[in-house]
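Written below as structure tokens is the structure these notes are about.
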Amino acid sequence: MMDNLLYFILLALLAEVLGTVGGFGSSLFFVPIAGFFLDFHSVLGVTAVFHLASNITKIAMFKKGFDKVMIIKMGIPAVLFVIAGAFLTKYIDSKLLEISLAIFLIALSSFLIIFRNFKIEPTSFNAISGGITSGFVAGLLGTGGAIRGLVLAAFNMRMEVFIVTSAIIDLAIDASRGVIYFVNGYVHKDDLYLIPILLVVGIIGTFIGKKILEKISETQFKFIVLGLILVTGMVTLVKFLFFS
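Quick note, the sequence shown lines up with residues 0 to 243 if you use numbering that gives the first Met the number 0.
Rendered as structure tokens:
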């Protein structure tokens, strides 16, 4: 790991920038990247701690309001089901879930890019279902931000509100699953030196991402969200097929 530390840091920084621009958090990109350097359970432990700091930074930098209703509708079921997902990581084959998520992300994001006028209905049922699904997947695979991002995008929030609302929900998710991962023994002493490094990476990456967002329109923003989800699905699929 030490020999590849610089590459790891640079890729983690890229993940943070992309996660900020996409509005659904860095774990969507960080988990596949970290998987090239650490075992799956270590990735879960490190990601939860890294993401806590990342989301706190986003909330501090994008403090222009948030959607309280969406936080309740998505956040509460997400927290309940992330605990269930994190608990099950010891008993379910994560490889099967990883390939399923990759295929799902590729198919759904491709469909929404091709059929740009298609929209997920902004209903309470979809918000709650999105919270349940994103929380459960986050607990199992370390990232559910893409699912949450797709649902939040249906409610046509302003860019800043989208990012802060997503970050607050994600913060609750990370705090909950972090406890379960710690109990499961996924936070290893040998990896603790990465945490302060990733804290700094999170702050710098969020700042760079914020500057990028100041230069693009909301229409571009929504298209970038879908494009980043598609790319991440493809990267996850390639990793599963050739590096597992």
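Glycine residues also receive a C-beta, built at the ideal position from the N, C-alpha and C atoms.
Counting only runs that start and end within the stretch 134–179, where is the alpha helix (DSSP H) found for 4 or more residues in a row?
Fully enclosed alpha helix (DSSP H) runs of no fewer than 4 residues occupy 144–152 of the stretch 134–179, in order along the chain.
Compute the Euclidean distance between the alpha carbons of Val160 and Met60, then round it to the nearest angstrom.
The residue given as residue 160 occupies position 161 in the sequence shown. The residue given as residue 60 occupies position 61 in the sequence shown. The alpha-carbon atoms of Val160 and Met60 are separated by roughly 12 angstroms.
Could you tell me which of Glu213, Leu193 and Gly226 sits nearest to Tyr6, measuring between CA atoms?
Start at 1 with the first residue of the sequence shown, and residue 6 comes out as number 7. Of the candidates Glu213, Leu193 and Gly226, the one whose C-alpha sits nearest the C-alpha of Tyr6 is Leu193.
So, Val30 versus Thr142, is the Cβ gap smaller than 9 angstroms?
Translated into positions along the sequence shown, residue 30 becomes position 31. Translated into positions along the sequence shown, residue 142 becomes position 143. Going by beta carbons, Val30 and Thr142 fall inside the 9 angstroms limit.
Could you check whether the Cβ of Pro31 sits closer than 9 angstroms to any Cβ belonging to chain E?
The chain labelled as chain E is not found in the depicted structure, where only one protein chain is given.
Spatial distance of Asp189 from Ile8 (CA atoms):
Here the question's residue 189 lines up with position 190 in the sequence shown. Here the question's residue 8 lines up with position 9 in the sequence shown. Roughly 16 angstroms between the two C-alpha positions.
To which residues of the same chain is Phe154 closer than 7 angstroms at the C-beta, ignoring the five residues directly before and after it?
On the sequence shown, position 155 is the one that residue 154 refers to. Contacts found: Met69 and Pro121.
Does the beta-carbon of Glu213 have 16 or more other beta-carbons within 10 angstroms, so that it is buried, or is it exposed?
As a first step, residue 213 must be located in the sequence shown, where it is residue number 214. Exposed, by the Cβ-count rule.
Which ranges would you report for the alpha helix (DSSP H) in the stretch 55–142 if only whole runs of at least 4 residues count?
Here the runs fully enclosed are 67–87, 93–113 and 123–140.
Thinking C-beta only, is Asp169 closer than 9 angstroms to Asn54?
Along the sequence shown, read from residue 1 onward, the residue named residue 54 stands at position 55. Along the sequence shown, read from residue 1 onward, the residue named residue 169 stands at position 170. Against a cut-off of 9 angstroms, the Cβ pair of Asp169 and Asn54 comes out as a contact.
So the candidates are Leu100, Thr88, Ala52 and Leu12; which of them puts its Cα closest to the Cα of Val237?
As a first step, residue 237 must be located in the sequence shown, where it is residue number 238. When only C-alpha atoms are compared, the closest one is Leu100.
Please return the same chain residues whose Cβ sits closer than 6 angstroms to the Cβ of Pro12, not counting the five positions on each side in sequence.
Start at 1 with the first residue of the sequence shown, and residue 12 comes out as number 13. Sequence inspection shows Leu at residue 12; the Pro mentioned does not correspond to that position. If we look at Leu12 and ignore the five residues flanking it on each side, its Cβ neighbours are Val200 and Gly204.
What's the C-alpha gap between Leu240 and Leu96?
The residue labelled residue 240 in the question sits at position 241 within the sequence shown. The residue labelled residue 96 in the question sits at position 97 within the sequence shown. So the alpha carbons of these two residues sit roughly 13 angstroms apart.
Measure how close the beta-carbons of Ser108 and Leu229 come, nearest whole angstrom, since I'm counting them as under 8 angstroms.
As a first step, residue 108 must be located in the sequence shown, where it is residue number 109. As a first step, residue 229 must be located in the sequence shown, where it is residue number 230. Ser108 to Leu229, Cβ: 4 angstroms. Contact.
Considering Cα atoms alone, identify which of Val42, Gly232, Ile58 and Phe222 is closest to Arg115.
Translated into positions along the sequence shown, residue 115 becomes position 116. Residue Phe222 holds the alpha-carbon nearest to the alpha-carbon of Arg115 among Val42, Gly232, Ile58 and Phe222.
Which stretch, first to last residue, makes up the alpha helix (DSSP H) that contains Lys209?
For the purposes of this step, residue 209 is identified with residue 210 of the sequence shown, where counting begins at 1. From DSSP, the alpha helix (DSSP H) with Lys209 extends over Leu193 to Leu212.
So is Tyr185 buried or exposed if we call it buried at 16+ other beta carbons inside 10 Å?
As a first step, residue 185 must be located in the sequence shown, where it is residue number 186. Buried is the call here.
With distances taken Cα to Cα, identify the nearest neighbour of Pro76 among Ala33, Phe124 and Thr88.
For this step, residue 76 is matched to residue 77 along the sequence shown. Checked all of Ala33, Phe124 and Thr88; the closest Cα to Pro76 is Phe124.
Considering just the uninterrupted stretch of the alpha helix (DSSP H) at Ser26, what are its terminal residues?
Walking along the sequence shown from the start, residue 26 turns up at place 27. For Ser26, the uninterrupted alpha helix (DSSP H) segment begins and ends at Ser26 to Ala33.
Expected contact under 8 angstroms - CB spacing of Gly134 and Val48 to nearest Å:
As a first step, residue 134 must be located in the sequence shown, where it is residue number 135. As a first step, residue 48 must be located in the sequence shown, where it is residue number 49. In this structure, Gly134 and Val48 do not form a Cβ contact; the two beta carbons are roughly 18 angstroms apart against a cut-off of 8 angstroms.
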